[in-house]
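Written out below as C-alpha cells is the structure these notes cover.
Number of protein chains: 2
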Amino acid sequence: MRTRRRPHLLLPLALLISPALVSAGEGAHGASPMVWLSLAAILLVAKLGGELAVRVKQPPVLGELCAGILLGNLGLLGFHGFDHTADLPSVSFLAELGVVLLLFEVGLESTLTEMKKVAPQSGLVAVIGVVGPMVMGFGVTSWLLPNESMPAHLFVGATLCATSVGITARVLQDLKAIDRVESKIILGAAVIDDVLGLIVLAVVASIASSGSMPDTWGLLQIVGLATGFLLGALILGAYVMPGVFRAASHLRAPGVLAAIAIGLCLLLAGLAALAGLAAIVGAFAAGLILDEVHVRPFGKKSARDLSEYVAPIVGVLAPIFFVRTGMMVDLSGLSAEPLILAGALSVVAIIGKLVAGLGVVGGTKADRFTVGIGMIPRGEVGLIFANVGASISVAGVPVIVPDVYMAIVLMVMITTVITPPWLSVQLAKLNRREAANTSGSE
Amino acid sequence: MRTRRRPHLLLPLALLISPALVSAGEGAHGASPMVWLSLAAILLVAKLGGELAVRVKQPPVLGELCAGILLGNLGLLGFHGFDHTADLPSVSFLAELGVVLLLFEVGLESTLTEMKKVAPQSGLVAVIGVVGPMVMGFGVTSWLLPNESMPAHLFVGATLCATSVGITARVLQDLKAIDRVESKIILGAAVIDDVLGLIVLAVVASIASSGSMPDTWGLLQIVGLATGFLLGALILGAYVMPGVFRAASHLRAPGVLAAIAIGLCLLLAGLAALAGLAAIVGAFAAGLILDEVHVRPFGKKSARDLSEYVAPIVGVLAPIFFVRTGMMVDLSGLSAEPLILAGALSVVAIIGKLVAGLGVVGGTKADRFTVGIGMIPRGEVGLIFANVGASISVAGVPVIVPDVYMAIVLMVMITTVITPPWLSVQLAKLNRREAANTSGSE
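Right, dumping it as C-alpha cells:
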C-alpha cells in the first residue's frame, strides 16, 4: 500500500544542524557523532547547492562549491577557513576517496577509440591549451606575487591547464550539440589535456616537494615516470583486463564486478602514490584501462558499463570533495589581492584556451572560436591541483597559501559560469550562419 | 568496437599484494599508498572469498570472514591480530561507514506492513529467541570464564540474540521457500529481534561503559531512550519523510535522492551516537523510516526503491567491515579455551532459537521446528556487537578480549554454516509430508 503524501520542506533537517548540537561529547564507541553529523550536513547542503545551480542552469559542481563556501564561512560545523589538518580526518579521507573515484569515472568515460579519431586536431588544441595558460599563469603570478616561491608560480600555472571534461560534456549535452565536429574536438582535447595536466602535476608536485627545480635529467625522469606509468597501465590493461573481466563475469557473488573495478582503481591509485605520482593519476589510468570493458554480469542478459556501477558511489562521495573545497575558502580575511589575482588568472585562462582553438588545422570545417570557448571551463582537475598544492608544505608553509587558493577557486568558478551562456550564444550564431549558407547555396 | 577476450586469471593482481611493496614509504601528499593498497586488497580478497563461498553454496559473508582471517593471520598487509588501534584509521572508518550503511539497507528492506501481519507469532518467537540465548549465553560464559567481568558475560549473551535477517532471507530465497508461512514468521521475528537486539546492545554497552550494573531507574532510562529514539524516529518518519521525498523527487540535481537518503541515515546515526546509542541504531531507524518511501526520480517513468540506490555503495563498503572482522581473529595464540567456548556458545545459540520456534501459537499450520532452524544464523548483528564490545575498554582492558572475540566469530560462522543444509533437509521433509497429506485426503 502506498500512502498519499503532503509536501513538506527540508527545514526540519536544517534546524538540526546547529553548532550547539554537534559540539557535544564524543560517542561511547567508534567514530564520533560529529563525523556522522558533518557528513550528513555536507551531503545535504551539497545536493541543495547542486539543485539551486541546476535551477539557474549552471553545473551542480558550482552549487556544491558555493554551498561549501557558505558552510565553511558561517562556521556552522566548527570547521572553517583554510587549516587542512584541523578538520576531521575521516571527512578529509572520504573527500579524497571521492575524488579518486571521480577521476576513475572520468577515465571510464574517456574512450580510447574516440580519442584516436580526432587525435591530430585535438592534440594540437590540447598542447596549445596546456602550454599557453600555464606560461601566462606563471607570468601573471610572478608579476603579481613576486614574494611567492617559484613552485607556487608553477602550481598556479598548472591549475590553469586542464579543461574540465565533466563540465564541458555536460554543457554540450544540455545544448544538444554533442554530435558536432567542434564537440568531438573539444572532448578529445579535454581528455588529452587531462593527461597532459596529470603529467604537469607530477612534475610540479615533485618540484614543490623537493623545493628546487630539477635538472634536465631529473625532469626527464619525472615525465618518463608519469608517461611510463600511464602507458604501462594502458598496455597492461589492454592485454590483461579484458581477460580478467571475462573471467570475473562468471563470478556469482553479489556486486563482484563493481568491487573488482574499484579494487583495481584503488590498486593503481596506491601504485601511483608509491611511484611518487598523485593517487588520482592511477585512478584515471585504471578508468582508461577499463573504459572499453563492457561487462555482462552473471545471470543478466544485457551488458552494463562499469561506470553505471561506479556512478552511485561517486555521486555520494565526490560532492564531499567539492563542498570541502568550498569550505577551505576563507572569506574572513578577504582583501583586494586575491580578487585581483582571480581576475587576472581568469583573463589568462580564457585567452589561453581561445588561442588553443587556433590549433584546429587541416580540412575540417570546425569553428575555431567555438572550440576555444568550449575549452574554457576549468573544474575538478584545477581544484584537485590546488588541493595538492595546499597539502604540500615547504618549511611549514603550504606551496599554495590561502589567498592564492581562494583566487584559484574563484578562477574555476568564473570560467565555469561564463561558458554555458557564451557557448550557447556562439552555437546559435553558428546555426544561423549555417542555415544562411544552406539556403544561399540552394 | 568490442574486442574479443581471452580468459585470464586474477593472479597478476594477487602478486602485487606483497608486504615488501606496501611497507614502502608514504606518498608525497594525501592518504598514504598503504591506505589505497590495503583497501584494494581487502576488496579483492572479500570478493574472492565471497565467490568461493557462493560456489560451495554458502552465504558470501562467510567467505569474506574467512578471507579476512587468512589476510590477517598471514600478516600480508602489516595488520594482524586483535589490536584495534594499530591498523589504519581510514580503513577502520570506512568499515564503520560500511556497517552503518548496511544496517540502513537492512532497515530499508524491513517493511513495517509485513511486520504487522505476522506480529503475534513473530513477536513471541522473537522475544523467546532473544531472552533464551541471552540468558543461556550469560550462564555458559559465567561458568566457562569466571574471571571475565560481568559486562563481558552480558556482552557475549547479547551477541547471541539477533538472527541475521540478511542471511536468513537469502537462504529462504535460494530454497524458493520465501512465500511459506514459516518464512514470513521467520522474517518478521528476525526483524523484531534485530530491534530488540539493538535495545539490548544499548543497555549492555551502557553497562560496560559505566562499568557497573545500573539501578532499575537507570535501566528504564536506557531502555526508554532506545525505544523512544526508535519510536520517535518512526513517528517523525511516517509524517515528515514522505513529504520530504515527494518534494525531493522534483529535484533535478544528479544523485540527489540517494544523497538525501544517505544524508538522513548519517544524520540519525549521528543523533543516535549523541544520545549514547550505537550509530547503527540510528541508521536502522532511518532505513525503517524510509522503507515504504517509493521514489520516482525526476524525469524517469518507473518508481525505484531507495535500496536500489544504496545497494551499490553497501556492496563495496560492507565487505570491508567483514574482512576486517576476520582480520581481527588472531590464530597465532590459538588455544583450547576459545574453541571450547565457541562450541558451547554455538550449542546454546542453536538450542535457544529452536526453543523460540515453540513461540508459534494460534491457528497457524506453521511448522515450529522449521521456524526454529530458520532463526539460527547469527550474522552481521552479532559481529557488530562483538566489535562494539571490543572497542569499549574498562581500565584499559577491552570488554571483549581477543579469545572471546574469536569464540564469537566462530559461533557466528558455525551457526551460519549449518543453517542452509539443515533448512534444506527440513523443508524437503515438510514438502514430502504435505504431499502425502494432500494425496491421502484426496
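Residue numbers (our numbering), protein chains in the order written: chain X, 2 to 443; chain U, 2 to 443.
The beta carbon of each residue, even a glycine, is placed where N, CA and C say it ideally should be.
Note that the structure is a prediction, hence the values are computed from the model and not measured.
Three or more beta-carbon pairs separated by less than 8 Å link the region 271-286 of chain U to the region 36-43 of chain X, which places the two stretches in contact.
Contact between residue 163 (chain X) and residue 379 (chain X) holds, since their C-beta atoms are separated by about 7 Å, short of 8 Å.
For residue 335 (chain X), same chain residues with a beta-carbon under 7 Å away, outside a window of 5 residues either side, do not exist.
Here residue 395 (chain X) is bridged, per DSSP, to X:398. Annotated as proximal: residue 109 (chain U) and residue 288 (chain U), with beta-carbon spacing under 7 Å.
One finds 34, 37, 38 and 41 in chain X with Cβ atoms closer than 7 Å to the Cβ of residue 271 (chain U), taken in chain order.
Residue contact check for residue 230 (chain U) against chain X: no CB pair falls below 7 Å. Note that the C-beta distance between residue 352 (chain X) and residue 377 (chain X) is not below 7 Å. Proximity to residue 371 (chain X) across X:432, X:52, X:258 and X:104 peaks at X:432, based on C-alpha coordinates. Residues are counted here when their Cβ sits less than 8 Å from a Cβ of chain U; for the region 322-341 of chain X the count is zero.
Contact between residue 196 (chain X) and residue 226 (chain X) fails: their C-beta atoms lie close to 14 Å from each other, not under 8 Å. For residue 398 (chain U), the closest Cβ of chain X is not nearer than 7 Å.
Within the same chain, and ignoring the five residues on either side of residue 68 (chain U) in sequence, the residues whose Cβ sits closer than 7 Å to its Cβ are 46, 47, 49, 50, 324 and 327.
With a threshold of 7 Å between beta carbons, residue 256 (chain U) makes contact with chain X. Judged by their CB atoms, residue 349 (chain U) and residue 138 (chain U) are nearer to each other than the 7 Å cut-off. Judged by beta-carbon spacing, residue 400 (chain X) lies beyond the 7 Å limit of residue 259 (chain X), meaning their Cβ atoms are not closer than that value. At a cut-off of 7 Å between beta-carbon atoms, residue 202 (chain X) makes no contact with chain U. Straight across, the Cα-Cα distance linking residue 234 (chain U) with residue 286 (chain U) is about 6 Å.
Per DSSP, the unbroken alpha helix (DSSP H) holding residue 154 (chain X) starts and ends at 151-160. Relative to residue 154 (chain U), the option among U:244, U:206, U:365 and U:427 whose CA is nearest is U:206. Within chain U, no C-beta atom comes less than 7 Å from the C-beta of residue 165 (chain X); the nearest is roughly 15 Å away.
With respect to chain U, the C-beta atom of residue 110 (chain X) has no partner C-beta closer than 7 Å. Remark: C-beta atoms of residue 319 (chain U) and residue 103 (chain U) approach each other more closely than 7 Å. With contacts defined as CB atoms closer than 7 Å, residue 105 (chain X) and residue 276 (chain X) fail to qualify as a contacting pair.
Where residue 48 (chain U) is concerned, the enclosing alpha helix (DSSP H) starts and stops at 34-56.
Beyond the five residues adjoining it in sequence on each side, residue 342 (chain X) comes within less than 6 Å, by CB distance, of 145 and 408 in the same chain, given in chain order. It is roughly 39 Å from the alpha-carbon of residue 397 (chain X) to the alpha-carbon of residue 261 (chain X). Within 8 Å of the CB of residue 106 (chain U), no CB atom of chain X is found; the nearest one sits about 12 Å away. The beta carbon of residue 314 (chain U) sits closer than 7 Å to some beta carbon of chain X. Non-local C-beta neighbours of residue 257 (chain U) in its own chain, meaning closer than 7 Å and more than five positions away in sequence, comprise 249, ordered along the chain. At least one CB of chain X lies nearer than 7 Å to the CB of residue 264 (chain U). Proximity to residue 282 (chain U) across U:201, U:375 and U:310 peaks at U:201, based on C-alpha coordinates. Distance between residue 180 (chain X) and residue 97 (chain X), taken at the CA atoms: about 34 Å. Separation of the CB atoms of residue 357 (chain X) and residue 133 (chain X) is rounded to 6 Å, and the pair is thereby assigned contact status at 8 Å. Neighbours of residue 91 (chain X) across chain U, judged by C-beta separation under 8 Å: 90, 91 and 94. Residue 42 (chain X) places its beta carbon 7 Å or farther from that of residue 123 (chain X).
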